[in-house]
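For the sequence shown, the positions run 2 to 214 when our numbering is used.
Glycine residues also receive a C-beta, built at the ideal position from the N, C-alpha and C atoms.
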Amino acid sequence: DTAHFDTAGTTRRAFVAGSASFFGLAVASPMAFADELSLDEALSPRVLGQSDAPIHVAEYYSMTCGHCADFHNNTFPKVKARLIDEGIVRFEMRPFPLDGLALRAHALARAVPESKFFAMVKMLLAKHAVWVRAEDPIAELQKMARLAGVNADIFNAVMRNRPLLEGLVAQRQIGIDKWGVSSTPSFVVNDDLLISGNKNYDDFAEALSAFGA
């Protein structure tokens with residue numbers, strides 16, 4: 002039910018220092034973020050739901066994780082309709098890229114305006130099998146970027162933007178350090194409970210029942 006990443010022996014410093022080799026990032030001078038984008042905005046929380054919702058769910062997910070795609074394609078629509086839209090749950094999505102391709106897909110989702118983030122994630126996960134298994138997955142990502150209004154210059158800048166890529170890696174590391182996240186999807190509920198694994202709606206709602214869902 003989950004996709005795993007081995008965190009044994011991995012410290013924050015070692016991981017961030019080794020991120021270039023782990024994710025296959027080109028060793029090059031930092032590239033300035035595209036003029037149309039703000040790094041702070043790109044790395045800011047992505048949240049759906051009312052700010053006063055009694056339950057806060059933070060999902061750690063990877064764009065290349067088949068279990069994450071299944072959750073978002075099949076369970077999340079019910080979560081949104083029954084829990085988020087009803088003011089019960091405030092749902093945050095946090096990056097936990099499992100590989101270099103996932104990292105770049107996360108970066109692409111952060112390159113679109115915040116108002117389009119969830120639509121971009123929905124598209125990427127709905128088409129997960131197409132681009133993840135493609136002979137040239139980056140080219141497939143670029144096709145979807147065009148559909149979202151991201152032109153070639155911005156796309157190429159985002160794919161090589163070390164501050165953005167390393168910022169996403171750092172957010173993942175927080176999940177490892179603070180919550181012990183080692184697989185996707187994982188859900189932190191009200192900064193208290195860690196739920197690991199893909200769930201159908203009934204199981205997901207039952208896990209939240211202790212918090213009033």
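Leaving aside the five residues that flank G213 on each side, the residues in its chain whose CB is nearer than 6 Å to its CB run, in chain order, P55. Per the coordinates, the alpha-carbon of D53 lies some 45 Å from the alpha-carbon of E136. For P96, there is no enclosing alpha helix (DSSP H); the residue is found in the beta strand (DSSP E) stretching over 90-96.
Between H68 and N199, the beta carbon gap of about 4 Å places them in contact (Cβ cut-off 8 Å). Residue state for T65 is assigned as coil, using DSSP reduced to three classes. Between L166 and L109, the CB-CB gap reaches or exceeds 8 Å. DSSP places S184 within a strand segment (E or B) once states are collapsed to three. In the structure shown, R47 falls within a strand segment according to DSSP collapsed to helix, strand and coil. The three-state reading of DSSP puts L195 in strand, counting E and B together.
Residue environment: P78 is assigned as exposed (fewer than 16 neighbouring CB atoms within 10 Å of its CB, all protein chains considered). Residue burial is scored here from C-beta neighbours: P114 has fewer than 16 other C-beta atoms within 10 angstroms and is therefore classed as exposed. Contact between the region 124-139 and the region 170-184 is absent: fewer than three C-beta pairs spanning the two stretches fall below 8 Å. The beta carbon of R47 sits closer than 6 Å to those of M94, F118, all from its chain and outside the five residues before and after it, given in chain order. Under the three-state reduction of DSSP output, A59 falls in the strand class. Counting other Cβ atoms within 10 Å of its Cβ, A82 stays below 16 and is therefore classed as exposed.
Listed in chain order, the non-local C-beta contacts of G176 below 6 Å within the same chain comprise Y61, F97, V182, local neighbours out to five positions each way being set aside. At the C-beta level, R111 and L49 stay beyond 8 Å of one another. DSSP, reduced to helix, strand and coil, places V151 outside both helices and strands of the structure shown, so it counts as coil. Note that the C-beta distance between A106 and L148 is not below 8 Å. The three-state reading of DSSP puts V80 in helix, counting H, G and I together. Under DSSP, V190 forms a beta bridge with V58, L194.
By the criterion of a C-beta distance shorter than 7 Å, I85 is surrounded in its chain by L49, G50, F92, once the five residues flanking it on both sides are discounted.
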